[in-house]
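In this note's numbering, the protein residues as written are 1 to 73.
What follows is a single structure, written as structure tokens, with notes after it.
In structure tokens:
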């Protein structure tokens with residue numbers, strides 16, 4: 001399969017522009033998955049800029065954006 005890096009870069013919303021995996025989605029997803037994280041492109045725009053790629057922050061960010069209140073136990 002041919003990578004379409006240049007095409008991917010046109011819509012990549014990750015602001016970490018020095019990343020060697022930027023635009024190579026399969027490598028980005030594998031890297032973050034191996035680290036137990038979520039790729040930046042899946043976060044709400046304002047949350048992506050924080051560079052916290054944790055699953056917990058992902059859930060919290062989307063919950064807040066969608067108007068849900070999270071209850072900590």
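In this text, a Cβ means the ideal position worked out from N, Cα and C, and glycines have one as well.
Since the model is a prediction, treat every value here as computed from it, not as a measurement.
Which residues in the same chain have their Cβ closer than 6 Å to the Cβ of residue 9, if we skip the five residues on either side of it in sequence? The answer, listed in chain order, is 23.
Whole-angstrom Cβ separation of residue 48 and residue 40, contact assumed at under 8 Å? 5 Å
Endpoints, alpha helix (DSSP H) assigned at residue 34: Start and end: 25-34.
Compute the Euclidean distance between the alpha carbons of residue 54 and residue 36, then round it to the nearest angstrom. 7 Å
If you draw a straight line from the C-alpha of residue 52 to the C-alpha of residue 27, how long is it? Spanning the two alpha carbons is a distance of roughly 18 Å.
Distance between residue 66 and residue 12 (C-alpha atoms, nearest Å): 22 Å
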